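Input: a single structure, listed below in structure tokens.
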Amino acid sequence: LAIAFDPAYALAFYNRAYLFRAQGDLARAIGDYGTAIALRPDFEAAYLGRGQAFMRRGDYDAAVRDFTTAILINPTSHDAYHYRGKAYAEMGRRSSAAEDFEAAIRLDPSDPEARVDKWLNQTGRFPYGRKRAPERVEP
92 LAIAFDPAYA LAFYNRAYLF RAQGDLARAI GDYGTAIALR PDFEAAYLGR
142 GQAFMRRGDY DAAVRDFTTA ILINPTSHDA YHYRGKAYAE MGRRSSAAED
192 FEAAIRLDPS DPEARVDKWL NQTGRFPYGR KRAPERVEP
């Protein structure tokens with residue numbers, strides 16, 4: 092209804108994308124997050140949401156790009172560093188993941204999930220129980 096009333100309302104596209112992502116309709120979620128971003132290029136939450144959708148789809152490079160953009164918009168975004176760390180870990184880029192988990196912990200020391208992900212990454216147990224990507228030598 093909000094989109095029909097105002098097709099330039101970025102938040103309406105973001106909210107619908109969130110619902111699509113929750114329902115597992117990742118293609119439509121990514122599309123609506125993209126529309127929200129096109130309407131409001133500084134929409135940090137839309138980059139985070141689209142990055143999470145890309146991660147669920149296994150497109151970690153695209154996820155890293157979106158999380159990096161979120162960090163450029165808001166350098167104090169704990170979530171952006173944490174999610175980017177997860178994407179790096181999924182890609183086998185353990186040192187990049189470690190740096191981002193550390194940044195997330197610095198920004199929000201009370202978040203236990205970032206600490207657990209940091210430990211899983213350090214011990215080679217990330218991702219949770221799935222066959223992990225081989226560690227890549229980073230440039």
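In terms of our numbering, the sequence shown opens at residue 92 and continues consecutively. We put the CB at the ideal spot given by N, CA and C, even for glycine. From a predicted model like this one, the values you see are computed outputs, not experimental measurements.
- Burial state of Arg197 is exposed, judged by a 10 Å Cβ sphere holding fewer than 16 other Cβ atoms.
- Our two residues, Phe217 and Arg148, have alpha carbons roughly 17 Å apart in a direct line.
- When the beta-carbon positions are compared, Tyr151 and Ala178 come within less than 9 Å of each other.
- The straight-line gap separating the alpha-carbon atoms of Asn212 and Ser168 is approximately 20 Å.
- Taking the Cα positions, Asp191 is about 25 Å away from Leu117.
- Taking the Cα of His173 as reference, the smallest distance to any Cα among Ala195, Ile162, Arg185, Arg156 is reached at Ala195.
- When C-alpha distances from Gln143 are compared across Ile94, Val155, Lys209, the shortest belongs to Val155.
- Note that the C-beta distance between Phe104 and Leu130 is below 9 Å.
- A direct Cα-to-Cα measurement between Gly115 and Ile94 gives close to 21 Å.
- Judged by DSSP secondary structure, Ser186 falls within the alpha helix (DSSP H) whose first and last residues are 185-198.
- In this structure, the CA atom of Thr214 is about 11 Å from the CA atom of Ala180.
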